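Undergrad: Pasting a structure here, questions to come.
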Amino acid sequence: MNLTIVLEGIQEDLQGLAELGDERSAQIARRLSEALTSNLRLKLFDLLSQAAVELSSKLPSGHIEVRLAGQEPELVFVDTSGDAAGAATGEELSARISLRLPESLKTAVEKASAREGISTNAWLVRAIARATESRPVHVSGKRLSGYAQS
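Residues 2 to 151 in the working numbering are what the sequence shown lists, from first letter to last.
Laid out in structure tokens, this is it:
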């Protein structure tokens, strides 16, 4: 993802608006856009991080990470579907539990496991592992919603 192109576009837009005024306005706009560039880069990275957390919570397995490659962020999908509950610790799958489910939930679990092409037991192990894994969640108290167009 190339944020530099986006930031340069914002600078050009500000410069174009400033040219509607006098030379002093153009200089102020140029200085302002240069000063805002690093702050905007940080805010855009924060927005990508929030989007990754939100999208990860909607995925049936795996998660999305935001990584820096130089100064540019990359969205990376990390697949954890091959991980069983004990795979990370090297535990064998030997513990047993008796689970009573409503018939409608049992049917939904069987359909979900069939869609993924795995056994019901493997599906339940993965679902429980995902639900109990600790993920760092970035909460910022600020929320952005609406419509964007480029």
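Quick reminder that beta carbons are idealized off the backbone N, C-alpha and C, glycines included.
The structure presented is a predicted model; accordingly, all values stated were derived computationally and were not measured.
1) Where does LEU8 sit, in a helix, a strand or coil, going by DSSP?
2) To the nearest angstrom, how far is the alpha carbon of ALA160 from that of ALA53?
3) What is the DSSP secondary structure of ILE98, reduced to helix, strand or coil?
4) Exposed or buried, what is VAL79 when buried is set at 16 or more other beta-carbons lying within 10 Å of its beta-carbon?
5) Where do the N-terminal and C-terminal ends of the alpha helix (DSSP H) with LEU48 fall, by residue?
6) From the DSSP output, in three-state form, read off LEU125 for me.
7) Hey, out of LEU18, PRO74, ALA128 and LEU45, whose CA is closest to LEU33's CA?
8) Specify, as a first and last residue, the run of the alpha helix (DSSP H) that GLU134 falls within.
TA: Taking the structure as given:
1) helix
2) Outside the shown range of the chain, which is 2 to 151, sits residue 160, and nothing can be said about it.
3) coil
4) exposed
5) 24-59
6) helix
7) LEU18
8) Note, GLU134: premise wrong, no alpha helix (DSSP H); not H, not E.
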